[in-house]
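Written below as structure tokens is the structure these notes are about.
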Amino acid sequence: MFFRRDPDLKHEGRFLLLKVRLPSGEEVLLRISKTSELSPVPEGYFVRKVIVGTKSLERAVLELTLDRRLRPRRKVLEGAVFVPVREWKHED
17 MFFRRDPDLK HEGRFLLLKV RLPSGEEVLL RISKTSELSP VPEGYFVRKV IVGTKSLERA
77 VLELTLDRRL RPRRKVLEGA VFVPVREWKH ED
């Protein structure tokens with residue numbers, strides 16, 4: 017069985033990478049450690065992150081639920097929008 021990759025999430029070694037855009041236009045790259053930031057739950061893993069823009073000081077909250085194979089099952093982002101991986105610049 018084949019699974020489509022999540023357009024907003026990138027696996028890179030021990031980390032999951034996500035980029036969000038705050039209302040001011042500021043983009044923030046999130047790096048979630050697969051070994052220390054994920055909390056086990058019955059259906060897989062869960063992480064909640066509060067995001068604060070360094071320039072705008074705007075705040076957003078991410079709640080991410082992953083299955084046991086680290087595939088996203090539920091993504092909730094309040095106060096920002098996801099930036100798809102295909103739109104990331106190469107220096108990130």
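Residue numbers 17 to 108, in my numbering, belong to the letters of the sequence shown in order. C-beta: ideal position from N, C-alpha, C; glycine also.
{"query": "Touch test, the region 52 to 60 against the region 69 to 78, Cβ-Cβ under 8 Å, three pairs minimum", "result": "no"}
{"query": "Collapsed DSSP secondary structure at R102 in the structure displayed", "result": "helix"}
{"query": "Inter-residue CB distance, V101 and K26 (contact presumed, cutoff 8 Å)", "result": "5 Å"}
{"query": "Local Cβ density within 10 Å of V77, reported as buried at 16 or more and exposed below that", "result": "exposed"}
{"query": "Proximity winner among S40, G41, P39 and D22, relative to L32 (alpha-carbon distances)", "result": "D22"}
{"query": "Buried or exposed by the 16-neighbour rule on C-beta atoms within 10 Å, applied to D24", "result": "buried"}
{"query": "Per-residue DSSP class, three states only, for A76", "result": "strand"}
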